[in-house]
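Structure record follows, encoded as C-alpha cells.
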Amino acid sequence: MRLGFLFISFLAGSLIIYWTLPNQKSRTVFLGLASLIFILLADKLAGRIVVVLTIYTYFFSVLIEHSKFKSLYHKISVAGIVLLLAFFKYMGFLDKYIHSVTHFFMQNPAHPFEKILVPLGLSYITFRYISYLTDIYWGINKKTDIYTLLFYGGLFTTFLSGPIDRYERLEKQINVFRIYFKKDFVYEGFERITIGLFKKFVIADWIGYIINNINSDPGGHSLGVRAVVLFGFSIQLYMDFAGYSDIAIGASRLFGLKIMENFNSPYTKPNISQFWRSWHISLSDWIRDYLFFPLSKYSENKIWLLIIVPIISMGLCGMWHGSEMKFAVWGMYHGAGLSFFQFWSIWKRKNKSLKKFTETKSFNFFSIIITFVFVTIGWLFFR
Amino acid sequence: MEEKLINFIKGEYLDDDDIVITKDTKLISSGLIDSFSLVSLQTYIEREFGKRIPAPKITAESFDTVGQMIEIINQF
C-alpha cells in the first residue's frame, strides 16, 4: 500500500512539473531524475543499482559506438549486466546448496547469500539496458546521453512491472521539441488506469479471494473443483498482470508517452506461437530478438532449431520470472509446446487435406480451447 | 532480389506449386508461412545478399511481404 501511495503521489507531483517545463529535453531529464528519486524511496538498494547500472551502460554505449572492438565491448557489457541480475536473482536461492557444500568442510559455516533480496524492478531495467546496448551494436539506434538513458531504464511508471519497451520506440517520441499537451492524454490515461485497477483489484483479487481458500486444502476437494480453481487461477494471473500493464501504460499516457502494449487477448489465440505473441509481448519479443534469433544462428541443424533453441529460450524466459526451478520448468514446458507447434506446422504444410481441415471455424475454436488448456496446465508449475 | 526471395520462400516453406507468390502477397498474416520461418529467412538474406538484418527489424508485421523485406534489406 505504501508503494501505491508513493506511486500516486509521484504521479500527481511529477505531472504538474513535467507539463510546465518548456521543452521535451528538460522534461526527459526531469522524469529520469524524478524516477530515480521514486526508486530510491521505494527501495534504496534498487536506487543505488539503477545509478551504477546506468553509468555502466552509458560507459559501454560510448565504447560500443566509437571503438573498433564493438563486438568485444558488447559481449563484456551484456555479460556484466547478466551477472548482476544472476547474482541478485539466484544467489539467495543457491545459498542452501552452497551451505551444504561448505558445511561438509567446516562446522556452522555462514549463510553469506541467504538474505539477498532481488531489488525492485531489476529484471526489467537489466533487460532494457541489454536491448539498448545490443541495438547500438546492431546499428538500430545511436547512444544517448546519460539522463535520457536513465529516463529509458528507470521511468517510474513502467519500472516495477514493465512493459520492457525498446529505446528506439521511445526515442522517436521524445526526440521532438515538445510534446504538446492534449486533453486526450488525460482521458486515455485515466481510462486505461481505471481499466487496469478494475482488472487488478476487482477481477484478479476477487478471484484470488475465492480460490485461495480452496487452494489451502487441495486434498479436500474433487478433481473437478480443483480444475475450476486452476481455470480461475489462469484468469486471475492474466487480469493481475494485464491490470498492472494497463496502469503503467495509462500513467505513461498522462505524460503524452505511448508505451507498447503488453497483452492482446492471449487466451483467444489458436496456437501457442500466437499466444506468446500476445502474452507479455514486450518480454516475448525480447526473448525472440535477443535469445531465440541469436541462438538459432549457431547451427542449421533441425534438432537444434526446432527443439533445443525453443526449449533453451523459453527455459531462460522462465528463469527470468523467478529463481526457483519451477519457473525454468514452466518455461521449458512452453518451449516444448512451441517446438511441437513447429513440427505440426511443417506437417500441415506437407498435407493439403489436413491444412484444409485446420482452416475450418470449428477447428479454430477447438485450437483455442486446446491452447488455453495447455497454458492453464502450465500455470501449475508457476504457482 | 525479389525473384531470389520468392524462389527461396517457395522452395523452403511452401510445399504447394499452385501457390503464386508476388511482391505483395501476405505471407505471415495469411498463414502461408509461420513466424518461426523468419529465423531461416534472416540466415538466407545474410548468406545471399551479405546483409545482416537485426532481429528486432524482422517481425511478423515488418516481414509480411517480399516487398517489405526488400525495403528493410535496402536499409542495411
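Chains as they are written, first to last, in our numbering: chain A, 1 to 383; chain B, 384 to 459. Even for Gly, the Cβ is constructed at its ideal location relative to N, Cα and C. All of these numbers come straight from a predicted model, not from anything done at the bench.
Original post:
Is the segment 261 to 270 of chain A close to the segment 174 to 183 of chain A, with three or more CB pairs under 8 Å?
Top reply: no
Original post:
Which ranges would you report for the alpha helix (DSSP H) in the segment 144 to 219 of chain A if only whole runs of at least 4 residues count?
Top reply: 146 to 154, 156 to 159, 167 to 174, 183 to 197 and 205 to 215
**OP:** Could you run through the segment 278 to 312 of chain A and flag, in chain order, every residue whose CB is less than 9 Å away from some CB of chain B?
**Re:** D285, R288, D289, Y290, F292, F293, P294, S296, K297, E300, L305, L306, V309 and P310
**OP:** Give me the Cα-Cα distance between T20/A and V225/A, rounded to the nearest whole angstrom.
**Re:** In a straight line, the C-alpha of T20/A is about 55 Å away from that of V225/A.
Original post:
What residues from the segment 384 to 403 of chain B come within 8 Å of chain A, judged by C-beta to C-beta, listed N to C?
Top reply: Y396, L397, D398 and D399
Subject >> Interface flag, I76/A vs chain B, CB-CB below 9 Å >> reply: no
Subject >> Beta-carbon spacing of E385/B, I453/B below 9 Å >> reply: yes
Original post:
Within the chosen definition, does the segment 353 to 360 of chain A reach the segment 244 to 254 of chain A through at least 3 CB pairs nearer than 8 Å?
Top reply: The way I'd put it, the segment 353 to 360 of chain A doesn't touch the segment 244 to 254 of chain A; fewer than three beta-carbon pairs between them come closer than 8 Å.
Original post:
When the Cα atoms are used, what is the spatial distance from V403/B to N390/B?
Top reply: 11 Å
Original post:
What number of angstroms, rounded off, separates the C-alpha of L237/A from the C-alpha of F292/A?
Top reply: 25 Å
Original post:
Three-state secondary structure (DSSP) at A336/A?
Top reply: helix
**OP:** Please confirm whether F127/A and I39/A have their CB atoms less than 9 Å apart.
**Re:** no
**OP:** Measure the Cβ-Cβ separation of S313/A and G335/A and say whether it is below 9 Å.
**Re:** yes
Subject >> Neighbourhood of P119/A by C-beta, 7 Å cutoff - its chain only, sequence neighbours within 5 removed >> reply: D43, L45, A46, I49 and F88
Subject >> T134/A (DSSP reduced to helix, strand or coil) >> reply: Here T134/A sits in helix by DSSP.
**OP:** Kindly indicate if chain A contains any beta-carbon less than 9 Å away from that of D447/B.
**Re:** no
**OP:** Could you tell me whether the Cβ of G208/A comes closer than 9 Å to any Cβ of chain B?
**Re:** Not an interface residue.
**OP:** Tell me whether the beta-carbon of L150/A lies closer than 9 Å to the beta-carbon of G250/A.
**Re:** no
Original post:
Near L133/A, what residues of its chain come up, given a Cβ to Cβ distance below 7 Å and the 5 sequence neighbours on each side ignored?
Top reply: T57, F60, S61, I64, H74, S77 and V78
Original post:
Between the C-alpha atoms of F231/A and W286/A, what's the straight-line distance to the nearest angstrom?
Top reply: 28 Å
**OP:** Output the distance between the C-alpha atoms of G154/A and I411/B, rounded to the nearest integer angstrom.
**Re:** 35 Å
**OP:** With DSSP collapsed to three states, give me the class of F419/B.
**Re:** coil
**OP:** With a cut-off of 8 Å on the beta carbons, I'd call S131/A and R166/A a contact; round off their distance for me.
**Re:** For S131/A against R166/A, the beta-carbon gap comes to about 6 Å, under 8 Å, which counts as contact.
**OP:** Kindly indicate which three-state DSSP category M325/A falls into: helix, strand or coil?
**Re:** Correct three-state label for M325/A: helix.
Original post:
Is any beta-carbon of chain A found at less than 9 Å from that of G414/B?
Top reply: yes
Subject >> Outcome for H280/A when other beta-carbon atoms lying within 10 angstroms are tallied against a minimum of 16 >> reply: buried
Original post:
So, are the CB atoms of W344/A and W379/A less than 9 Å apart?
Top reply: no
Original post:
Based on Cα-Cα distance, which residue from I308/A, S234/A, S299/A and L295/A lies nearest to Y267/A?
Top reply: S234/A
Original post:
Does any residue of chain A bring its CB to less than 9 Å from the CB of K440/B?
Top reply: yes
Subject >> Neighbouring residues, chain A, relative to D407/B (Cβ below 8 Å) >> reply: Listed by position along chain A, the residues whose Cβ is nearer than 8 Å to that of D407/B form an empty set, because the closest Cβ is around 22 Å away.
**OP:** Would you kindly check if the distance between the Cβ of P270/A and the Cβ of N364/A is under 9 Å?
**Re:** yes
Original post:
Does the distance from the C-beta atom of F382/A to that of S273/A stay below 9 Å?
Top reply: no
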